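Student: I am attaching a structure below and will ask some questions about it afterwards.
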Amino acid sequence: MDGAPARLEALLVVLLAQEETLGALVEAAWEEERALVRSDYPAIEAVSARMQALADRLDHLDRSRSAIVTELGAGETLTELATLADHHGMDSFGALQKRLLAQASALRTAQERNARLILSAVRLRERWYGLLAGLAAPTYGAAGRQAMGGGHGLVSKSA
Numbered sequence: 009m010d011g012a013p014a015r016l017e018a019l020l021v022v023l024l025a026q027e028e029t030l031g032a033l034v035e036a037a038w039e040e041e042r043a044l045v046r047s048d049y050p051a052i053e054a055v056s057a058r059m060q061a062l063a064d065r066l067d068h069l070d071r072s073r074s075a076i077v078t079e080l081g082a083g084e085t086l087t088e089l090a091t092l093a094d095h096h097g098m099d100s101f102g103a104l105q106k107r108l109l110a111q112a113s114a115l116r117t118a119q120e121r122n123a124r125l126i127l128s129a130v131r132l133r134e135r136w137y138g139l140l141a142g143l144a145a146p147t148y149g150a151a152g153r154q155a156m157g158g159g160h161g162l163v164s165k166s167a
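Here is the structure:
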């Protein structure tokens, strides 16, 4: 496989950039969590924009990685690539694979936590809207009797 060491070096550069980008995404996800807890909407918007830019960069790096892997013709997984790199005297791929997997796992965990925070906030908001709708000011009907104006009572009659 002529030129494999040079391609492997190029691949290593791309994988290191992916590791750096994943790390930045993890930090941004933690920042997003803090902003969500504080209900700091401008911070949430800013960190979301930064996360989108980082995700776009990660997509670009992934396309570069795929192109290099295709040129190498040595399989798709990092394990297969680490085996090829070891064959060419490059032993850094195995450690890099572990770090990438750890970063991806940390990102997944942070994003799942943030998703739960967002879902809880939506549910809380829905409960408040329901409560406020039930507390709508009473109005009087044609017969002079009090009637709730379009709202719902606090107790569900269907329960």
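Per the numbering used here: the sequence shown = residues 9 to 167. For glycine and all other residues, C-beta sits at the position ideal for the given N, C-alpha and C. Only a predicted model underlies this, so the values are computations on that prediction, with no experimental measurement involved.
Buried or exposed: GLU134, going by 16 or more other Cβ atoms within 10 Å of its Cβ?
Tutor: On the sequence shown, position 126 is the one that residue 134 refers to. Exposed, by the Cβ-count rule.
Student: What first and last residue would you give for the alpha helix (DSSP H) that runs through ASP70?
Tutor: Translated into the one-based positions of the sequence shown, residue 70 becomes position 62. Where ASP70 is concerned, the enclosing alpha helix (DSSP H) stretches over 49 to 80.
Student: Does the pairing of the segment 39 to 59 with the segment 92 to 109 give three or more beta-carbon distances under 8 Å?
Tutor: Not touching, per the Cβ criterion.
Student: Quick one: give me the first and last residue of the alpha helix (DSSP H) that LEU125 is part of.
Tutor: Within the sequence shown, numbered from 1, the residue matching residue 125 stands at position 117. From DSSP, the alpha helix (DSSP H) with LEU125 extends over 100 to 142.
Student: Please classify GLU40 as buried or exposed, where buried requires at least 16 other C-beta atoms within 10 Å of its C-beta.
Tutor: Counting from 1 along the sequence shown, the entry for residue 40 is found at position 32. Flag for GLU40 reads buried.
Student: Take ARG15 and list the residues in its own chain whose beta-carbon comes closer than 6 Å to its own, dropping the five residues that flank it on each side.
Tutor: The sequence position of residue 15 within the sequence shown is 7, counting from 1. Only ILE76, GLU79, LEU80 meet the Cβ criterion.
Student: Is the segment 91 to 104 touching the segment 65 to 72 in the sense that three or more CB pairs, one from each, lie closer than 8 Å?
Tutor: With the cut-off at 8 Å, the segment 65 to 72 and the segment 91 to 104 do not touch.
Student: Quick one, are the C-beta atoms of HIS96 and ALA12 less than 7 Å apart?
Tutor: As a working mapping, residue 96 is identified with position 88 in the sequence shown. As a working mapping, residue 12 is identified with position 4 in the sequence shown. Cβ distance < 7 Å, so HIS96 and ALA12 count as in contact.
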